[in-house]
Amino acid sequence: MPELPEVETLRRALLPLVENKRILGIRFFRKDLRFPIPQDQIKVQVINKKTQRIVRRAKYLLLQVETGSMLWHLGMSGRVIQKNTMDPDEPHTHAIFHFEPDTFLHYIDPRRFGCILWVPASEGHPLINHLGLEPLAPDTTARALKQNARGRKASIKSFLMDSRQLAGVGNIYACESLFKAGIGPKKPAGNLRLKDWEILLQSLRETLEKSIQAGGTTLRDFFNTDGKKGYYIIQLNVYGRENQPCPLCKTPISRIVQIGRSTFFCKSCQRI
DNA sequence: CTTACCGCCTGTCGGC
DNA sequence: TGCCGACAGGCGGTAA
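Encoded structure:
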């Protein structure tokens with residue numbers, strides 16, 4: 003389940019393989035993933051063109067060519083793995099991209115919640131045009147978050163996971179950063195004080211960056227052999243640990259459901 | 001406008 | 001042991 007750190011880890015792994023490399027060929031094996039794949043458009047725009055940059059926005063990867071970007075999202079279960087064949091060799095391989103000289107990237111996604119789309123440079127794409135602040139971007143500030151949350155009655159947990167507010171924060175990192183910040187998940191987002199936002203943003207960044215660091219240390223394994231190896235390498239304090247003792251105070255971890263998603267937290271440590 | 005809920009998917013896991 | 005239902009979850013779409 004690729005979260006922001008996994009996508010960023012993947013981006014860094016792909017950098018030397020795709021930047022300034024010509025895309026020699028593409029094979030698609032499905033008409034659609036989450037959305038229809040604009041196969042013809044992508045092929046016309048991308049084949050025999052050089053990828054100028056690879057950029058991450060939220061959990062989206064954008065492979066930029068001159069006229070626009072090929073956009074990848076890995077959904078819940080997606081992986082991109084380098085192999086040495088243009089033929090699919092495992093189930094759920096939906097696309098294969100050939101970069102010069104001999105890099106074959108296999109897009110694999112069993113649940114097909116991901117997508118492969120084309121984003122014209124001139125227009126952008128609604129999927130990314132409406133995204134909120136990047137948690138790791140320097141110009142994302144506690145003050146801006148507080149301002150955006152003003153008057154919000156919805157919970158801070160749902161605010162963190164709202165991609166129009168903060169881009170790319172999934173369930174795991176929402177839970178973990180709230181724990182680290184000592185903030186209760188049910189607190190209305192509009193009720194956080196500036197100091198709370200400062201602690202929360204700091205906690206979110208530390209959690210994300212720690213995971214990216216961990217991904218970096220195991221990059222080769224993660225990328226070249228088994229896409230799953232990069233995941234869940236950070237120490238999770240609360241996520242998935244219902245009834246297990248809180249690492250700080252030993253109180254059993256609670257689980258509740260918010261906006262249809264499990265929230266894990268320590269009712270003793272998260273009192274703000 | 002804000003907020004909550006639905007549904008797309010398949011692999012995994014618990015219960016019988 | 002084997003089957004089967006419940007569950008997991010990102011996120012756009014839509015209803016309230």
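Residues in the first sequence are numbered consecutively from 3, following the numbering used here. Note that the Cβ used here is the ideal one computed from N, Cα and C, for glycine as well.
Between which two residues does the beta strand (DSSP E) harbouring residue i extend?
i: Pro38; result: Where Pro38 is concerned, there is no enclosing beta strand (DSSP E), given that its DSSP letter is neither H nor E.
i: Phe99; result: Thr95 to Phe101
i: Lys23; result: Lys23 to Phe30
i: Lys33; result: Lys33 -> no beta strand (DSSP E), and no H or E assigned at all.
May I ask you to list the residues that DSSP assigns as paired with residue i?
i: Gln66; result: Arg55 and Ser71
i: Ser256; result: Phe267
i: Pro157; result: According to the sequence displayed, residue 157 carries Ser and not Pro. Pro190, per the DSSP bridge assignment.
i: Ile214; result: Answer by DSSP bridge pairing: none, since Ile214 is not bridged.
i: Thr105; result: Phe101
Does the distance between the C-beta of residue i and the nearest non-hydrogen atom of the ligand MG fall short of 6 Å?
i: Ile83; result: Ligands in the displayed structure: none, and consequently the ligand MG is not present.
Could you check how far apart the C-beta atoms of residue i and residue j are, in whole angstroms? I think they sit under 8 Å.
i: Ile56; j: Lys45; result: That pair is no contact at about 19 Å.
i: Lys52; j: Arg13; result: Between Arg13 and Lys52 the Cβ distance is about 17 Å, and since that is not below 8 Å, they are no contact.
i: Gly134; j: Ala169; result: 5 Å
i: Pro38; j: Leu210; result: Actually they are not in contact, since the Cβ atoms of Pro38 and Leu210 sit about 32 Å apart, beyond 8 Å.
i: Tyr62; j: Ile118; result: Contact flag wrong, Cβ pair sits at about 11 Å.
i: Phe106; j: Met78; result: Going by Cβ atoms, the distance from Phe106 to Met78 rounds to 24 Å, so no, they are not a contact pair.
Ordered along the chain, which non-local residues of its own chain (more than five positions away) have a Cβ less than 7 Å from that of residue i?
i: Gln41; result: Phe30
i: Ile261; result: Ser160
i: Trp199; result: Ala144, Leu147 and Lys148
i: Ile185; result: Ile158, Asp198, Leu202, Gln272 and Ile274
i: Gln43; result: Trp120
i: Thr227; result: Below a pLDDT of 50, predicted positions are generally treated as unreliable, and Thr227, at 36, falls in that range; no measurement from the model is reported.
In terms of residue numbering, what span does the alpha helix (DSSP H) encompassing residue i cover?
i: Thr11; result: Leu6 to Val20
i: Pro128; result: Pro128 to Asn131
i: Cys248; result: No alpha helix (DSSP H) holds Cys248; DSSP gives it neither H nor E.
i: Gln272; result: Careful: Gln272 lies outside any alpha helix (DSSP H) and carries neither H nor E.
i: Phe181; result: Asn173 to Ala183
i: Leu119; result: Looking at the DSSP string, Leu119 is not in any alpha helix (DSSP H); the run it does join, the beta strand (DSSP E), is Cys117 to Pro122.
i: Gln167; result: Unbroken run through Gln167: none, as it is neither H nor E.
i: Asp149; result: It should be pointed out that residue 149 corresponds to Gln in this sequence rather than to Asp. Unbroken alpha helix (DSSP H) run through Gln149: Ala144 to Asn150.
Which residues in the same chain have their Cβ closer than 6 Å to the Cβ of residue i, if we skip the five residues on either side of it in sequence?
i: Pro249; result: Asn239
Quick one: what's got a C-beta closer than 8 Å to residue i's C-beta in the same chain, skipping five residues either side?
i: Ile49; result: Ile25, Leu26, Gly27 and Ile28
i: Tyr234; result: Low confidence applies to Tyr234: its pLDDT is 45, below 50, so where it sits in the model is not reliable, and the reading given next is rough at best. For Tyr234, where only same-chain residues beyond five positions count, there are no Cβ hits under 8 Å.
i: Lys189; result: Ser157, Ile158 and Ile274
i: Gln167; result: Gly134, Leu135, Leu147, Asn150, Ala151 and Phe161
Check: For the 8 Å Cβ check, are there 3 or more pairs between the segment 195-210 and the segment 142-156?
Finding: yes
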